[in-house]
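Q: Sending over a structure as structure tokens; questions will come in a sec.
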Amino acid sequence: MKRKVTVLGIESTAHTFGVGIATSEGEILANVNYVYTFEKGIHPREAAEHHSSVAHKAVKEALDKAGLSIHEIDAIAIALGPGLGPCLRIGATVARALSLYFNKPLVPVNHCVAHIEIARLTTGAEDPLVVYVSGGNTIVSAFVDGRYRVFGETLDIALGNCIDAFAREVGLPQPGVPNVEKMAERGSKYIPLPYVVKGQDLSFSGLLTMALRKVREGERLEDVCFSLIETAYSMLAEVAERALAHTKKKQLVLTGGVARSRRLQEMLREVAAEHGAEFHVVPPEYAGDNGAMIAWCGVLAYIHGVTIPVEESCIRQRWRLDEVDIPWRR
Amino acid sequence: MKWISHGGGSVVILEVIAKGAEATLYKELWNDIVVVRKQRLPKKYRHPQLDNYIRRTRTVTEAKLMFEARKLGVPTPTIYDVDIDNCIIRMEYITGTRLREYMDDIIHSSKYEVLTKIFETLGIYAGRLHTNGIAHGDLTTSNVIVSDSTLVLIDFGLGTYAKDLESHGVDIHLLLRSLESTHYSIASICFKHFIKGYSREVGEEYANKVVERVHEIRARARYVEERIRKRDFI
Numbered sequence: 001m002k003r004k005v006t007v008l009g010i011e012s013t014a015h016t017f018g019v020g021i022a023t024s025e026g027e028i029l030a031n032v033n034y035v036y037t038f039e040k041g042i043h044p045r046e047a048a049e050h051h052s053s054v055a056h057k058a059v060k061e062a063l064d065k066a067g068l069s070i071h072e073i074d075a076i077a078i079a080l081g082p083g084l085g086p087c088l089r090i091g092a093t094v095a096r097a098l099s100l101y102f103n104k105p106l107v108p109v110n111h112c113v114a115h116i117e118i119a120r121l122t123t124g125a126e127d128p129l130v131v132y133v134s135g136g137n138t139i140v141s142a143f144v145d146g147r148y149r150v151f152g153e154t155l156d157i158a159l160g161n162c163i164d165a166f167a168r169e170v171g172l173p174q175p176g177v178p179n180v181e182k183m184a185e186r187g188s189k190y191i192p193l194p195y196v197v198k199g200q201d202l203s204f205s206g207l208l209t210m211a212l213r214k215v216r217e218g219e220r221l222e223d224v225c226f227s228l229i230e231t232a233y234s235m236l237a238e239v240a241e242r243a244l245a246h247t248k249k250k251q252l253v254l255t256g257g258v259a260r261s262r263r264l265q266e267m268l269r270e271v272a273a274e275h276g277a278e279f280h281v282v283p284p285e286y287a288g289d290n291g292a293m294i295a296w297c298g299v300l301a302y303i304h305g306v307t308i309p310v311e312e313s314c315i316r317q318r319w320r321l322d323e324v325d326i327p328w329r330r
Numbered sequence: 001m002k003w004i005s006h007g008g009g010s011v012v013i014l015e016v017i018a019k020g021a022e023a024t025l026y027k028e029l030w031n032d033i034v035v036v037r038k039q040r041l042p043k044k045y046r047h048p049q050l051d052n053y054i055r056r057t058r059t060v061t062e063a064k065l066m067f068e069a070r071k072l073g074v075p076t077p078t079i080y081d082v083d084i085d086n087c088i089i090r091m092e093y094i095t096g097t098r099l100r101e102y103m104d105d106i107i108h109s110s111k112y113e114v115l116t117k118i119f120e121t122l123g124i125y126a127g128r129l130h131t132n133g134i135a136h137g138d139l140t141t142s143n144v145i146v147s148d149s150t151l152v153l154i155d156f157g158l159g160t161y162a163k164d165l166e167s168h169g170v171d172i173h174l175l176l177r178s179l180e181s182t183h184y185s186i187a188s189i190c191f192k193h194f195i196k197g198y199s200r201e202v203g204e205e206y207a208n209k210v211v212e213r214v215h216e217i218r219a220r221a222r223y224v225e226e227r228i229r230k231r232d233f234i
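As they're listed, the protein sequences go chains A and B.
Here this note's numbering is used: the first residue of the first sequence is 1, the next is one more, and so on.
Here this note's numbering is used: the first residue of the second sequence is 1, the next is one more, and so on.
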């Protein structure tokens with residue numbers, strides 16, 4: 001039997017500074033996350049300042065929680081991208097320091113791959129079609145030929161970003177998605193809004209502009225929220241459905257921060273049932289950005305020999321999901 | 001033009017051929033002819049008003065575009081009947097294999113020269129549609145049927161009347177994407193022959209413009225490293 005491997009992973013791609021510890025047996029020993037809160041969108045420098053102020057205690061708390069000393073850790077995993085440069089640099093700096101000082105291998109992790117892998121681990125779905133939706137990403141993906149291929153994605157802003165920005169503009173508190181959804185529950189009139197599906201890809205920017213215009217034109221906020229949510233989620237559900245029909249995968253998994261949305265879950269559950277696929281949602285504690293997913297993805301990468309020398313460990317703001325080889329699924 | 005469903009007559013559903021995302025396809029005995037019945041059933045997850053709008057407009061547009069394509073010499077199934085209220089199109093039953101599955105077989109037998117011919121022809125068809133102001137809207141290897149030696153284009157449900165570079169670029173982008181996502185190893189060779197046929201129909205100058213636009217569309221997607229290297233291909 002192979003030796004058990006323990007990896008400490010660091011997440012700092014956007015608003016969350018997270019430290020997680022995972023083992024090759026699939027245990028999550030710690031998942032400590034500090035979230036930079038904001039009213040007017042993420043200010044990258046302020047978020048980075050937040051991250052550097054919490055980094056040391058997050059690492060310490062994670063180790064305490066796992067009951068491990070740093071010497072019992074086999075490798076340090078770091079989310080090198082995609083994300084906001086100033087934020088990524090904080091996590092990368094902490095990871096490089098730990099790697100050099102304690103002489104631990106450094107494992108590069110792609111943030112999007114980590115969202116998928118934590119969902120596979122926690123839901124038990126082995127080969128799913130993945131719908132990954134957050135404030136920064138909207139991707140429909142499945143594993144084909146050694147990589148997570150992108151079957152559909154947003155051509156402009158992310159779904160979460162669209163709803164968050166709408167919430168901000170109309171004065172609803174952040175985070176936008178749950179608040180807009182709450183408001184939508186009291187809406188009843190469906191107002192036609194731009195429904196933009198280009199083949200398999202999505203566009204949300206026109207939808208955002210038009211929703212805001214409807215509010216200015218005096219439509220009830222509840223109705224606009226309702227119509228915005230229905231339109232945006234229907235677009236995503238359609239793309240997910242098309243990808244499910246195309247790939248013939250037998251599992252559909254929802255992951256990312258917006259995975260907590262009840263309405264989106266409801267729609268995708270219908271889609272899965274329609275095509276005889278199981279439906280799974282990542283547990284809430286692993287939905288938003290978190291350190292545990294980086295640690296777990298780091299375990300997978302590390303036991304398959306993926307490491308990076310510190311001097312080459314540049315951050316990659318635009319690192320695409322489908323650029324990453326996935327040796328653990330060969 | 002008003003489409004009138006003939007209704008009445010005898011209708012016997014023989015089997016469900018495929019259950020796509022967009023619609024369900026049935027093999028049906030309709031007034032004693034075997035037809036494909038493409039029906040856009042209501043989606044429970046969608047708001048009824050939105051659902052109704054999407055299903056109706058796509059049914060009508062699809063029927064019109066299939067007819068137009070056929071007039072241009074791009075093979076599509078013959079349309080027999082359009083029932084707007086129930087979002088049904090009845091069309092010719094084509095015997096053959098979807099290009100996507102056909103390619104799986106080819107890969108196993110390594111008869112690649114067959115593919116080069118197919119993609120060149122597909123390029124000609126796409127070019128002819130574009131020259132005449134039609135964008136297919138969902139040009140993937142799942143939406144082409146190989147029937148004997150003919151390629152038949154199906155599923156114009158997301159198609160539009162479009163003369164603009166952007167819509168044409170999206171068509172080509174979708175084809176390339178579908179090749180890369182299902183047959184990664186031979187995607188570039190297939191695409192090369194596709195463009196060869198396409199250029200023949202639209203002219204080299206326009207073909208280059210469209211390919212350039214495909215790069216631009218891909219670069220628009222989030223986090224694309226291509227965007228940084230953009231200057232390399234323009």
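The beta carbon of each residue, even a glycine, is placed where N, CA and C say it ideally should be.
Report the residues of the stretch 186-201 of chain A with a CB closer than 8 Å to any CB of chain B, ordered along the chain.
A: Taking 8 Å as the Cβ-Cβ cut-off against chain B, the residues of the stretch 186-201 of chain A that qualify are Y190, P192, Y195, V197, K198, G199, Q200 and D201.
Q: Using a Cβ-Cβ cut-off of less than 9 Å, list which residues of the stretch 5-34 of chain B approach chain A; keep chain order.
A: A18, K19, G20, A21 and E22
Q: Which whole runs of the beta strand (DSSP E) in the stretch 204-283 of chain A are 3 residues long or more, in chain order?
A: 251-255 and 278-281
Q: What residues from the stretch 132-162 of chain B come within 7 Å of chain A, judged by C-beta to C-beta, listed N to C?
A: If the cut-off is 7 Å between Cβ atoms, the stretch 132-162 of chain B has G137, D138, S142 and L158 near chain A.
Q: Can the beta-carbon of V282 of chain A be found less than 9 Å from the beta-carbon of G256 of chain A?
A: Yes, they are a contact pair.
Q: For D325 of chain A and chain B, any beta-carbon pair shorter than 9 Å?
A: In terms of beta-carbon proximity, D325 of chain A stays away from the interface with chain B, with every pair separated by 9 Å or more.
Q: Where does I191 of chain A fall in DSSP's three states?
A: Here DSSP, grouped into helix, strand and coil, assigns I191 of chain A to coil.
Q: Of the choices B:S185, B:I79, B:R90 and B:I124, whose alpha-carbon is the least far from that of R37 of chain B?
A: B:R90
Q: How far does the beta strand (DSSP E) with E72 of chain A in it reach, from first residue to last?
A: Careful: E72 of chain A lies outside any beta strand (DSSP E) and carries neither H nor E.
Q: Can you give me the C-alpha to C-alpha distance between L221 of chain A and I163 of chain A, rounded to a whole angstrom?
A: When rounded, the distance between both Cα atoms is 13 Å.
Q: Scan the stretch 55-88 of chain B for residues whose Cβ lies nearer than 7 Å to a Cβ of chain A and list them as they occur along the chain.
A: The stretch 55-88 of chain B vs chain A, Cβ under 7 Å: nothing.
Q: Just to confirm, are L72 of chain B and L122 of chain B a CB contact at a threshold of 9 Å?
A: no
Q: Ignore the nearest five residues each way along the sequence and tell me which others in L100 of chain A's own chain have a CB closer than 8 Å to its CB.
A: V310
Q: Between the Cα of L165 of chain B and those of B:S109, B:V211, B:S181 and B:R40, spot the shortest distance and give me the residue it belongs to.
A: The candidate whose alpha carbon is nearest that of L165 of chain B is B:V211.
Q: Listed from N- to C-terminal order along the chain, which residues in the stretch 238-253 of chain A have their beta-carbon within a distance smaller than 9 Å of any beta-carbon of chain B?
A: E238, V239, A240, E241, R242, A243, L244, A245, H246 and T247
Q: Give the residues from the stretch 146-163 of chain A that approach chain B closer than 7 Å (Cβ to any Cβ), ordered along the chain.
A: R149, F151, E153, T154 and L155
Q: Please classify V324 of chain A as buried or exposed, where buried requires at least 16 other C-beta atoms within 10 Å of its C-beta.
A: buried
Q: Kindly list, in the order they appear in chain A, the residues whose Cβ is closer than 7 Å to that of R213 of chain B.
A: Within 7 Å Cβ-Cβ: nothing; R213 of chain B doesn't reach chain A, min ~13 Å.
Q: Using a 10 Å radius around the Cβ and a threshold of 16 neighbouring Cβ atoms, would you call H215 of chain B buried or exposed?
A: buried
Q: Count the other CB atoms within 10 Å of the CB of W319 of chain A; is the residue buried (16 or more) or exposed (fewer)?
A: Looking at its Cβ environment, which holds 16 or more other Cβ atoms inside 10 Å, W319 of chain A is buried.
Q: Quick one: what's V170 of chain A bridged to in DSSP?
A: In the DSSP output, where bridge partners are listed per residue, V170 of chain A has none listed.
Q: Closer than 8 Å is the cut-off here; do at least three beta carbon pairs connect the stretch 36-52 of chain A with the stretch 63-73 of chain A?
A: The answer is no - the stretch 63-73 of chain A does not touch the stretch 36-52 of chain A, with fewer than three Cβ pairs under 8 Å.
Q: Specify, as a first and last residue, the run of the beta strand (DSSP E) that E185 of chain A falls within.
A: Segment: none, E185 of chain A is in no beta strand (DSSP E) and carries neither H nor E.
Q: What does DSSP give as the partner residues of A22 of chain A in its beta bridges?
A: A:V7 and A:I28
Q: Output, in sequence order along the chain, the residues in the stretch 171-187 of chain B whose CB is closer than 9 Å to any CB in chain A.
A: D171, H173, L174, R177, S178, E180, S181, T182, H183, Y184 and S185
Q: Determine whether the Cβ of T231 of chain A lies closer than 9 Å to any Cβ atom of chain B.
A: yes
Q: Evaluate the contact criterion for the stretch 140-147 of chain A versus the stretch 243-254 of chain A: three or more CB pairs, one atom per stretch, below 8 Å.
A: yes
Q: Under three-state DSSP, which class holds E225 of chain B?
A: The predicted model places E225 of chain B with a pLDDT of 49, which falls under 50 and marks its position as unreliable; any figure quoted below should be read in that light. Note: E225 of chain B maps to helix in three-state DSSP.
Q: If we count the other Cβ atoms within 10 Å of its Cβ and call it buried at 16 or more, is H136 of chain B buried or exposed?
A: By the neighbour-count criterion, in which 16 or more other beta carbons inside 10 Å mark a residue as buried, H136 of chain B falls on the buried side.
Q: List the residues that DSSP assigns as beta-bridge partners of F143 of chain A.
A: In the DSSP output, where bridge partners are listed per residue, F143 of chain A has A:Y148.
Q: Note down, in chain order, every chain B residue with its Cβ under 8 Å from the Cβ of V144 of chain A.
A: Listed by position along chain B, the residues whose Cβ is nearer than 8 Å to that of V144 of chain A are S181, T182 and Y184.
Q: Looking at C-alpha atoms only, which residue of B:Y184, B:I217, B:I172 and B:S178 is the closest neighbour of I195 of chain B?
A: B:I172
Q: Quick one: is C87 of chain B buried, meaning 16 or more other Cβ sit within 10 Å of its Cβ, or exposed?
A: Classification of C87 of chain B: buried, given that the 10 Å Cβ count is 16 or more.
Q: What did DSSP end up calling W319 of chain A once you bin it into helix, strand or coil?
A: coil
Q: Would you identify the three-state DSSP class for Q49 of chain B, choosing helix, strand or coil?
A: Secondary structure at Q49 of chain B: helix, using DSSP grouped into helix, strand and coil.
Q: Please list the residues of the stretch 256-270 of chain A that have a C-beta atom closer than 9 Å to any C-beta atom in chain B, keeping them in chain order.
A: E266, M267, L268, R269 and E270
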